[in-house]
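Using the numbering used here, the letters of the sequence shown map in sequence onto residues 71 to 507.
One structure below.
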Amino acid sequence: MTPPGALPASQQKSNRVGGWLPQNPKLLISWLRDLVAEVNKHKRDASISSLFLSMFDEVPDRAPYYEDPIGNKQIKSYHEMLEMFDFVMNNKAPSWKKLEYDAGLIGFPFNAILDWPMATASGYAFFLKPEVNSKLKHILNTWKSEVLMTSKSQHVITTNEDGWLSQDSLMSIENDTNLNGQELTFQQIFQCDPQGDPKHWGFKSWDDFFVRKFKNIDQIRPVAFPEQPAWIANSCESKPFALQSNAQEYDSFWLKGQAYSVSEMLHGHKFAEQFVGGTVYQAFLSATSYHRWSSPVSGKVIHTEVVDGTYFSEPTTKGFTSSKGPDPASPNRVQSYISHIATRAIFFIEAPKPIGLMAAMYIGMADVSSCEILQKFDAKSLPASVEKGEEIGLFHHGGSTHCLLFRQGVNLAFVTGAIPGNREKNLPIRGPLAVAY
Numbered sequence: 071m072t073p074p075g076a077l078p079a080s081q082q083k084s085n086r087v088g089g090w091l092p093q094n095p096k097l098l099i100s101w102l103r104d105l106v107a108e109v110n111k112h113k114r115d116a117s118i119s120s121l122f123l124s125m126f127d128e129v130p131d132r133a134p135y136y137e138d139p140i141g142n143k144q145i146k147s148y149h150e151m152l153e154m155f156d157f158v159m160n161n162k163a164p165s166w167k168k169l170e171y172d173a174g175l176i177g178f179p180f181n182a183i184l185d186w187p188m189a190t191a192s193g194y195a196f197f198l199k200p201e202v203n204s205k206l207k208h209i210l211n212t213w214k215s216e217v218l219m220t221s222k223s224q225h226v227i228t229t230n231e232d233g234w235l236s237q238d239s240l241m242s243i244e245n246d247t248n249l250n251g252q253e254l255t256f257q258q259i260f261q262c263d264p265q266g267d268p269k270h271w272g273f274k275s276w277d278d279f280f281v282r283k284f285k286n287i288d289q290i291r292p293v294a295f296p297e298q299p300a301w302i303a304n305s306c307e308s309k310p311f312a313l314q315s316n317a318q319e320y321d322s323f324w325l326k327g328q329a330y331s332v333s334e335m336l337h338g339h340k341f342a343e344q345f346v347g348g349t350v351y352q353a354f355l356s357a358t359s360y361h362r363w364s365s366p367v368s369g370k371v372i373h374t375e376v377v378d379g380t381y382f383s384e385p386t387t388k389g390f391t392s393s394k395g396p397d398p399a400s401p402n403r404v405q406s407y408i409s410h411i412a413t414r415a416i417f418f419i420e421a422p423k424p425i426g427l428m429a430a431m432y433i434g435m436a437d438v439s440s441c442e443i444l445q446k447f448d449a450k451s452l453p454a455s456v457e458k459g460e461e462i463g464l465f466h467h468g469g470s471t472h473c474l475l476f477r478q479g480v481n482l483a484f485v486t487g488a489i490p491g492n493r494e495k496n497l498p499i500r501g502p503l504a505v506a507y
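Structure representation (structure tokens):
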């Protein structure tokens with residue numbers, strides 16, 4: 071088989087929302103070059119449908135997308151992609167990478183491999199196919215079970231320069247987690263054991279590190295207005311992304327405006343009609359965020375489900391057919407779109423007035439599409455009472471984005487920091503988000 075080709079020349083720096091892929095494309099190219107070298111040492115046979123072919127051919131043969139300074143293509147065929155996938159899902163744990171301004175991990179290697187192919191017209195169609203996503207689910211689950219949730223990934227949870235316990239990593243996590251005026255250390259914020267286990271600080275795997283718990287959540291993240299049912303608490307440690315009123319039952323969520331279509335978001339559930347004309351709030355988790363979810367209200371959880379969805383779908387409005395070129399941070403800038411089609415956990419919670427029935431959705435993106443609902447709130451255990459700020463689930467091997475939906479007629483006043491564009495740092499989980507009136 072032809073060895074993987076050279077990687078493209080570096081390109082203009084671009085902003086990658088949430089820190090899932092590096093702001094400096096040189097690091098992405100460097101990471102892929104290293105991966106190509108590793109794959110060349112671990113050759114394995116692979117085959118797949120010819121549907122793969124077009125999305126690689128449609129990536130333009132021009133810098134910065136598909137050639138190096140002497141014109142060689144990078145990741146130019148599905149054979150090379152499969153070799154990389156095979157190696158990653160059996161061997162590769164994400165290591166820490168330093169960026170100029172923020173935590174910059176390449177924690178999601180599959181997304182890095184597909185960053186340009188998924189921006190093609192064929193890639194858009196290909197990654198919407200259920201049979202393709204069922205295969206991707208198996209690949210990602212294998213990666214999770216064979217690498218990320220085992221001691222095989224423990225070597226990246228160290229104080230080495232490329233480890234998640236390095237000074238650079240800890241500084242970024244502390245800066246992202248500390249509220250204004252706080253200067254707590256990682257050891258003061260999170261449950262860990264640097265004395266008993268100086269090498270890994272008690273973390274058994276990469277996933278164990280990523281789903282880490284606060285040392286004392288009630289002190290570090292107290293619940294906002296716990297006895298006032300009109301107040302909504304922030305459900306994830308996250309940065310506001312979008313806020314839309316008068317959401318429609320069906321809308322063109324795949325077009326440029328990315329309007330919300332509540333019936334499709336909520337998987338056609340019978341309760342969806344109650345949210346037509348209502349409000350949708352969406353926020354995303356960064357790479358260094360706390361990845362557990364808490365209930366935004368007190369009340370009763372009456373329905374939950376995990377909806378299998380797509381993993382690498384990007385609408386053509388953000389792809390190569392866009393006048394501005396492809397989104398270099400895909401799928402980060404199309405989070406409204408993926409809230410309709412990606413893997414997601416859905417909660418319906420009956421809260422006291424004035425909120426009443428509300429919905430919460432926790433949405434996986436790309437490599438990180440793994441959503442766990444706690445057993446207490448599993449569909450077989452419902453209905454179940456829940457307190458505002460109580461943990462209800464978590465993202466595995468990373469984080470993603472989430473939405474809160476409110477019915478028409480529920481008037482909401484959001485705190486200033488919850489308005490998209492008003493805040494650089496995450497809103498703290500369990501903190502005040504909005505008040506209903």
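Backbone N, C-alpha and C fix where the C-beta goes; we use that ideal spot for every residue, glycine too.
- A contact is defined here as three or more CB-CB pairs under 8 Å, and the segment 407–417 fails this definition with respect to the segment 218–237.
- In the DSSP assignment, residue 502 forms a beta bridge with 303.
- Counting along the chain, the unbroken beta strand (DSSP E) around residue 371 starts and ends at 369–377.
- Three or more beta-carbon pairs separated by less than 8 Å are not found between the segment 291–304 and the segment 265–274, which leaves the two stretches without contact.
- Shown here, residue 252 sits in coil according to DSSP, grouped into three states, outside any helix or strand.
- Check the Cα spacing between residue 250 and each of 330, 493, 505: the tightest is with 493.
- For residue 426, there is no enclosing alpha helix (DSSP H), since its DSSP letter is neither H nor E.
- For residue 334, the enclosing alpha helix (DSSP H) has its first and last residue at 332–335.
- Of all C-beta pairs linking the segment 478–489 to the segment 340–360, three or more are shorter than 8 Å, placing the two stretches in contact.
- For residue 362, DSSP records a beta bridge to 464.
- In the assembly as shown, residue 289 is an exposed residue. Its beta-carbon has fewer than 16 other beta-carbons within 10 Å.
- Straight through space, the alpha carbons of residue 317 and residue 384 are spaced by roughly 22 Å.
- From the listed residues 484, 258, 506, the smallest Cα separation to residue 312 is found for 484.
- The three-state reading of DSSP puts residue 421 in coil, since its state is none of H, G, I, E or B.
- Going by C-alpha positions, residue 405 is about 7 Å away from residue 471.
- Residue ranges of uninterrupted alpha helix (DSSP H) with 4 or more members, entirely inside the segment 174–200 and ordered along the chain, are 179–183, 191–196.
- By the CB criterion at 8 Å, residue 475 and residue 463 fall outside the cutoff.
- Secondary structure of residue 224 (DSSP, three-state): helix.
- Leaving aside the five residues that flank residue 307 on each side, the residues in its chain whose CB is nearer than 7 Å to its CB run, in chain order, 355, 359, 360, 496, 498, 499.
- Rounded to the nearest whole angstrom, the CA to CA distance from residue 160 to residue 489 is 41 Å.
- The beta carbon of residue 451 sits closer than 8 Å to the beta carbons of 445 from its chain, once the five residues preceding and following it are set aside; these are given in chain order.
- Cβ atoms of residue 473 and residue 335 come within 8 Å of each other, at about 7 Å.
- Under the DSSP definition of a beta bridge, residue 309 partners with 354.
- Between the alpha carbons of residue 210 and residue 435 lies a gap of roughly 12 Å.
- Around residue 314, the same chain offers 330, 350 as residues with beta carbons nearer than 6 Å, after the five sequence neighbours per side are excluded.
- Under DSSP, residue 262 shares a beta bridge with no residue.
- It is roughly 15 Å from the alpha-carbon of residue 417 to the alpha-carbon of residue 343.
- Within a 10 Å sphere around the beta-carbon of residue 292 sit fewer than 16 other beta-carbons, which makes this residue exposed.
- Rounded to whole angstroms, residue 379 and residue 332 show a C-alpha spacing of 16 Å.
- In the structure shown, residue 488 adopts helical secondary structure according to DSSP, grouped into three states.
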